[in-house]
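Numbering (my numbering), first residue to last: 702 to 1263. The beta carbon of each residue, even a glycine, is placed where N, CA and C say it ideally should be. Fair warning: this is a prediction, and the values are worked out from it, not measured in the lab.
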């Protein structure tokens, strides 16, 4: 049983750091109790800035656009190898798979800090001062006698499985704000738990944590039971209208597995709704097991009405439809899903499944290797306002789907019922393809296919250009790249991208022309900006003049050097 007494909390607020020889001296030398802080390898940086930018969820917003439009420090003019580079490295006790989150001007122990929050696969959560690198607090979410879970017969997540998905923050929840996070651990049996942590101390809130359990009555018959050891929370958490949504994938595609969405109230961690999007996907083949929900770490998106959008992976899909055009047994392999949350529940309100779903599932061509992104309202050639969602997966197609009429399934249509399809512009199913969520800025969608260049697709009359308007010269090996954007309103747009190599590389491109590379971390002499081996499924976080990049051993912090 989980015991909060076992949680290790290290507090370093108010502990003065000494800057010497370009390094922040170890915080453990301050003499307070608790475990010593990891060293923050550092170069002197510019004074702290507090423009008020917060990054509280995956890809910055509920649409998952990946854009920060309040960046006043970093511009195309000053992001270059002479004036921009690595400021420091924030060492952690495990791999950082979750996107770092950021709060400006947070009061911690009587002092105001810009804070970056980091979660690790060793089941730790850290709060660092984003400007100095000082450790403000660190908590372990392991219970007494527990360890992080280990690899489940494959190398999808190694060497530990703890916190994989990006947490979510509500600055207004509780006395000091709350960070919600799912952690996996093992005590001889596996556990999945939802935690609510105080932003200023890491202390557990709401009598947490909450063990994640669920059952679901399958329309085809029988009851499905959630098995904590069978599933991984890869997809980022979603907080919408006071509810936290968790969504689940299998470990190593080990059958049988199905696709769960499990919801909890943010004020009490009480379970509010359960949906299984593949209740009969209990077979053993690529077309009959699942589908799972993973999106390569992407998070479900939500619109202003509270509807949720996500992409499912390959798996079971009934080509026999009911009178309303829905799969007869409610199995939704390789689909765009629109989930209604009316009345506090969860149900499939609409969907789109490609006409060749069965053959793509058999070939392990996930749609759900990519994430869904909601576009802003767009006006088409008839002056009609369109509400669109965009997604892509392993088959290399970009699907642009009308959220008001998604198209459902038609085996004979070649997908002509959806708003737009760009065929194999991101790969051909045997190479390329998408393992990421795109970014959006200024009427352009950015995609980074596996093994390919970062690509810009402009929008006109609510449709994507048939070919990219610009491309990076740099190529990005598996899994491709997860673009993120910084800008000051509609100006000074920069597209940031991480390359999963050894050493890893951080790139910055002019958002108006990806052929114009502004910076990459391999340019500076003597390896000044190197930050270790790359990590897959990494989205950079940009806020208040700094860029935070997760790695296998911590977070690299970049910014202006002078």
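How long is the line joining the alpha carbons of residue i and residue j, rounded to whole angstroms?
| i | j | result |
| --- | --- | --- |
| residue 897 | residue 904 | 8 Å |
| residue 866 | residue 772 | 25 Å |
| residue 768 | residue 922 | 44 Å |
| residue 757 | residue 1113 | 43 Å |
| residue 902 | residue 805 | 16 Å |
| residue 948 | residue 836 | 31 Å |
| residue 1166 | residue 929 | 43 Å |
| residue 887 | residue 841 | 14 Å |
| residue 857 | residue 954 | 10 Å |
| residue 850 | residue 891 | 7 Å |
| residue 784 | residue 1195 | 16 Å |
| residue 1141 | residue 1007 | 21 Å |
| residue 969 | residue 906 | 9 Å |
| residue 1255 | residue 1004 | 33 Å |
| residue 1036 | residue 808 | 43 Å |
| residue 1093 | residue 1238 | 15 Å |
| residue 786 | residue 1262 | 6 Å |
| residue 821 | residue 1066 | 29 Å |
| residue 1245 | residue 985 | 48 Å |
| residue 1042 | residue 911 | 22 Å |
| residue 994 | residue 1069 | 7 Å |
| residue 853 | residue 974 | 28 Å |
| residue 855 | residue 776 | 42 Å |
| residue 878 | residue 1204 | 36 Å |
| residue 1130 | residue 1097 | 6 Å |
| residue 1215 | residue 1193 | 13 Å |
Helix, strand or coil for residue i per DSSP?
| i | result |
| --- | --- |
| residue 1247 | strand |
| residue 787 | strand |
| residue 1161 | strand |
| residue 1238 | coil |
| residue 1252 | coil |
| residue 1062 | helix |
| residue 850 | strand |
| residue 1227 | helix |
| residue 703 | Legend: pLDDT at residue 703 = 46, less than 50; position of this residue unreliable, no value from coordinates given. |
| residue 886 | strand |
| residue 979 | coil |
| residue 1198 | strand |
| residue 806 | strand |
| residue 1045 | helix |
| residue 1233 | coil |
| residue 845 | coil |
| residue 1193 | strand |
| residue 858 | coil |
In terms of DSSP beta bridges, what is residue i paired with?
| i | result |
| --- | --- |
| residue 905 | 898 |
| residue 870 | 880 |
| residue 932 | 951 |
| residue 1074 | 1091 |
| residue 941 | 944 |
| residue 1154 | 1176 |
| residue 1099 | 1093, 1123 |
| residue 1113 | DSSP, once it has assigned bridges, lists no residue as partnering residue 1113. |
| residue 796 | The partner list for residue 796 (beta bridge, DSSP) is empty, contrary to what the question assumes. |
| residue 1186 | 768, 1196 |
| residue 1018 | 1033 |
Along the chain, where does the alpha helix (DSSP H) that runs through residue i open and close?
| i | result |
| --- | --- |
| residue 948 | Segment 944-948 is the beta strand (DSSP E) holding residue 948; no alpha helix (DSSP H) there. |
| residue 1173 | Where residue 1173 is concerned, there is no enclosing alpha helix (DSSP H), although the beta strand (DSSP E) it sits in stretches over 1171-1177. |
State the CB to CB distance for the pair residue i and residue j, rounded to an integer number of angstroms; the pair is presumed to be in contact (CB under 8 Å).
| i | j | result |
| --- | --- | --- |
| residue 1087 | residue 1075 | Rounded, the Cβ-Cβ distance is 12 Å, inconsistent with contact. |
| residue 1198 | residue 1235 | Actually they are not in contact, since the Cβ atoms of residue 1198 and residue 1235 sit about 12 Å apart, beyond 8 Å. |
| residue 945 | residue 869 | 7 Å |
| residue 883 | residue 934 | 4 Å |
| residue 1052 | residue 1095 | Incorrect: roughly 19 Å between the Cβ atoms, too far for contact. |
| residue 799 | residue 816 | Contact flag wrong, Cβ pair sits at about 15 Å. |
| residue 1191 | residue 1243 | The Cβ separation is near 16 Å, so there is no contact. |
I need the boundaries of the beta strand (DSSP E) containing residue i, first residue and last residue.
| i | result |
| --- | --- |
| residue 1218 | 1214-1221 |
| residue 1211 | 1206-1211 |
| residue 1092 | 1089-1093 |
| residue 1009 | 1009-1012 |
| residue 1136 | Element bounds for residue 1136: n/a, residue is neither H nor E. |
| residue 687 | Lying before the first or after the last residue shown, residue 687 is absent from the chain, which here runs from 702 to 1263. |
| residue 775 | It is not in any beta strand (DSSP E) - residue 775 carries neither H nor E in the DSSP assignment. |
| residue 1053 | 1048-1054 |
| residue 1263 | Careful: residue 1263 lies outside any beta strand (DSSP E) and carries neither H nor E. |
| residue 817 | 812-820 |
| residue 1121 | 1121-1123 |
| residue 759 | Element bounds for residue 759: n/a, residue is neither H nor E. |
| residue 918 | 916-918 |
| residue 913 | No beta strand (DSSP E) contains residue 913, which DSSP labels as neither H nor E. |
| residue 966 | 961-966 |
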